[in-house]
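Okay, so here's the structure we're looking at.
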Amino acid sequence: MNKLLSSIVLLCALTSTTYADQDQDACVAEFNNQCMAKCQETDDINCPAACQNQAVNQCQDAGQ
């Protein structure tokens, strides 16, 4: 594992105890907004749903 990745994992572990639902909602919204901007550059009709699913998964992982 490289140093950057291990630092991120450690940071997530340290912050997980203070991770609130409100933070997770903000995380999902931010990730989803960035992803949806990329969806506008593609014709994939499944892109919005994939963004939402990925946002939830990413933010849950960060919150654990």
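Residue numbers (mature numbering (1 follows the signal peptide of the UniProt record, and there is no 0)): -20 to -1, 1 to 44. No residue lacks a Cβ here, since even glycine has one placed at the ideal position from N, Cα and C.
> How would you call Q40, buried or exposed, if buried means at least 16 neighbouring beta carbons within 10 angstroms?
Replying inline: exposed
> N13 lies in the alpha helix (DSSP H); which residues open and close that run?
Replying inline: D1 to C19
>> One question on the structure: do N13 and Q32 come within less than 8 angstroms of each other, judged by their Cβ atoms?
In response: no
> Does DSSP classify D41 as helix, strand or coil?
Replying inline: helix
> For the putative contact between C19 and C27, defined by C-beta atoms under 8 angstroms, what is the C-beta separation to the nearest angstrom?
Replying inline: 4 angstroms
> Helix or strand or just coil, what does DSSP make of L(-10)?
Replying inline: With a pLDDT of only 45 at L(-10), under the threshold of 50, the placement of this residue in the model should not be trusted, and no figure is reported.
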